[in-house]
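Taking numbering that gives the first Met the number 0, the leading residue of the sequence shown gets 0, the next gets one more, and so forth. Worksheet for the structure shown next.
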Amino acid sequence: MRRGWALVLLGLGLLALERPAVTPAVLHLPPDPRTLAGPRAVPIPPDNPQTPAKVELGRRLFYDPRLSKDGRVACASCHRPEFAFSDGGNPVSTGVFGRKGSRNAPTLTNVAFRQRLFWEGRSPRLELQAVGPLTAHHEMGMEPEELAARLSAIPEYARAFQEVFGEPPSLRTVAFAIAAFERTLLSFNSPFDRYQAGDDQALSEAALRGMELFFSERGDCFHCHVGPDFTDDEPRNNGLYTVYKDIGLAQATGRDEDVGKFKTPTLRNVALTAPYMHDGSKKTLREVVEHYNRGGEPNLNADPLIRPLGLSEAEIDDLVAFLESLTDTSFTTNPALLPP
Numbered sequence: 000m001r002r003g004w005a006l007v008l009l010g011l012g013l014l015a016l017e018r019p020a021v022t023p024a025v026l027h028l029p030p031d032p033r034t035l036a037g038p039r040a041v042p043i044p045p046d047n048p049q050t051p052a053k054v055e056l057g058r059r060l061f062y063d064p065r066l067s068k069d070g071r072v073a074c075a076s077c078h079r080p081e082f083a084f085s086d087g088g089n090p091v092s093t094g095v096f097g098r099k100g101s102r103n104a105p106t107l108t109n110v111a112f113r114q115r116l117f118w119e120g121r122s123p124r125l126e127l128q129a130v131g132p133l134t135a136h137h138e139m140g141m142e143p144e145e146l147a148a149r150l151s152a153i154p155e156y157a158r159a160f161q162e163v164f165g166e167p168p169s170l171r172t173v174a175f176a177i178a179a180f181e182r183t184l185l186s187f188n189s190p191f192d193r194y195q196a197g198d199d200q201a202l203s204e205a206a207l208r209g210m211e212l213f214f215s216e217r218g219d220c221f222h223c224h225v226g227p228d229f230t231d232d233e234p235r236n237n238g239l240y241t242v243y244k245d246i247g248l249a250q251a252t253g254r255d256e257d258v259g260k261f262k263t264p265t266l267r268n269v270a271l272t273a274p275y276m277h278d279g280s281k282k283t284l285r286e287v288v289e290h291y292n293r294g295g296e297p298n299l300n301a302d303p304l305i306r307p308l309g310l311s312e313a314e315i316d317d318l319v320a321f322l323e324s325l326t327d328t329s330f331t332t333n334p335a336l337l338p339p
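Rendered as C-alpha cells:
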C-alpha cells in the first residue's frame, strides 16, 4: 500500500513539493504559561494560496462521501467536528466496505501548524497528507482516475474546479482544496486561552493546580507537549507496549531504533478526542495520565523522558482538569467549519 501511494504521488509530481516553502517556527515553551503564544499567522505554501472559493470547495469535498469508493465515507466520517475533528469514540477508523484501519484518527485541531502528519510523521505537508486517505484501500479506496471522473460528472464540482483551479478535478486539485479548508481548522478559545488573555476566572482551582504540575519538571508533560499547540511534532516511543504490533516510524525508516515511535499529538481539545494513543487503547484521559505516572511499559526504545512520576491520585485529577481546560467549544460549533 505504501509503495502504491508513493507511485501515485510520483505521477502527480507532488513529491517534489515535500517541504512547504513556508514553515512555521518551532515555538518553545516560556517559563510562564501566560506568555504562551495564542493565535498566529497560518503558514500558507506559495503553490496553494488560500482563497475563499478554494476553502469553500475544500469544505464541500471534506464532507462529501462521494469521494470514496462505496460512496459512504467522507473525510468527516473519521474527522467529526463535534469531536474536534477526530473519530468520536472509535479506537480505529472504519473505511469503505467496513474495512478497519489499525490506527486512531487524530484530531485536525490546528493542523495547519503541523510540520509532520500521520501518526509516524511521514508526511511534511497537508496536500500530501490529503492524498493518503483518498487512495488508501482501507479508507476511501479511490483510484485517481476514478475520483477525477466521478467529480467531473457532477456539474457543480466541474464548475467549481474550473473557477478555483482553471482545470478539471484531479487528485492533486482535490487534495489542494481539502488542504485549504483544513488550514482554517483553528482553535484558540479554550478556558486556558482565556486565562492567558487575562481572565483570572477562566480556570478552576483544580485546573490551575494541574497547569502548574503540567509545566513543572515533576509533572514532566511540557517537554513533549510544548508550544501553543502542546506538541513538539516529534516521533517518540512513549512506552505504551513492551512489544509493538504497529512498529510506527520504523515502518517508514526500517530502523530498529524507530520501532514504537509515534508523533506527539496536540493536546488542544484533547478531552473531546477519546480514545487515546495511536491505537485508541486508552479510553480516558485518566488512563493516559496513569500510564505516564507508572513510567510506561519496559521498552528498549522508550524515550528517556518516560519515567515514573510518583503523582498522587489528587494530582492526577488536577492534571486531567487542566487537560479538560484545553477544550474550545466554539471550535466544534463554528458554522464555517460545519457541513455546508
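The C-beta atom is built at its ideal place from N, Cα and C for all residues, glycine as well. All of these numbers come straight from a predicted model, not from anything done at the bench.
As the crow flies, the alpha-carbon of A201 is around 5 Å from that of Y194. Within the same chain, Cβ atoms closer than 6 Å to the Cβ of F180 are found at V54, G57, R58 and F61, the five residues on either side in sequence being excluded. T263 is classed as buried because its beta carbon has at least 16 other beta carbons within 10 Å across all chains shown. Look at R59 here: in three-state DSSP terms it is helix. According to DSSP, S122 shares a beta bridge with L116. Assignment of F96 by DSSP, reduced to helix, strand and coil, places it in the helix class.
Comparing alpha carbon positions, the residue from R285, L107 and R102 closest to P80 is L107. Residue range L284 to R293 is occupied by the alpha helix (DSSP H) that includes V288. Under the DSSP assignment, M210 falls in the alpha helix (DSSP H) whose first and last residues are E204 to F213.
Going by beta carbons, L239 and G295 fall inside the 8 Å limit.
Around the beta carbon of G253, fewer than 16 other beta carbons lie within 10 angstroms, which makes this residue exposed. Taking C-alpha positions only, E216 is separated from P339 by approximately 45 Å. Segment contact: the stretch 66-85 against the stretch 97-112, three or more CB-CB distances shorter than 8 Å; contact assigned.
The three-state reading of DSSP puts R79 in strand, counting E and B together.
When A206, A135 and L304 are compared, the shortest CA-CA separation from F221 is found for L304. Taking all protein chains shown into account, A40 has fewer than 16 neighbouring C-beta atoms within 10 Å of its C-beta and is therefore exposed. Rounded to the nearest angstrom, the gap between the Cα atoms of P90 and M276 is 9 Å. According to the DSSP assignment, P143 belongs to the alpha helix (DSSP H) that extends over P143 to S151. If you look at Q195, you'll find it in the alpha helix (DSSP H) that goes P190 to Q195. As the crow flies, the alpha-carbon of N333 is around 19 Å from that of T50. Judged by DSSP in its simplified three-state form, S85 adopts strand. Per DSSP, Y243 has no beta bridge partner at all. In the same chain as L116, and ignoring 5 residues on each side of it, the C-beta atoms closer than 6 Å to its own belong to S122 and Q128, in chain order. Under the three-state reduction of DSSP, K68 is assigned to coil, being neither helix nor strand.
Cα atoms of P167 and V130: separation of roughly 17 Å, rounded to the nearest angstrom. Going by beta carbons, A111 and P42 fall inside the 8 Å limit.
Its Cα nearest to that of S324, the residue E204 stands out among S311, P274, E204 and D219.
DSSP, read as helix, strand or coil, puts P234 in strand. Nearest neighbour of I177 by Cα position, chosen from N47, L207, D302 and R149, turns out to be N47. The straight-line gap separating the alpha-carbon atoms of A313 and G100 is approximately 36 Å. Looking only at G218, T326, S311 and G140, the smallest Cα-Cα distance to R267 is reached by T326. Take the alpha-carbon of N292 and the one of G209: they are about 14 Å apart.
About 27 Å separates the CB atoms of G226 and I246; that is not less than 8 Å, and the two are not in contact.
DSSP lists R235 as the bridge partner or partners of F261.
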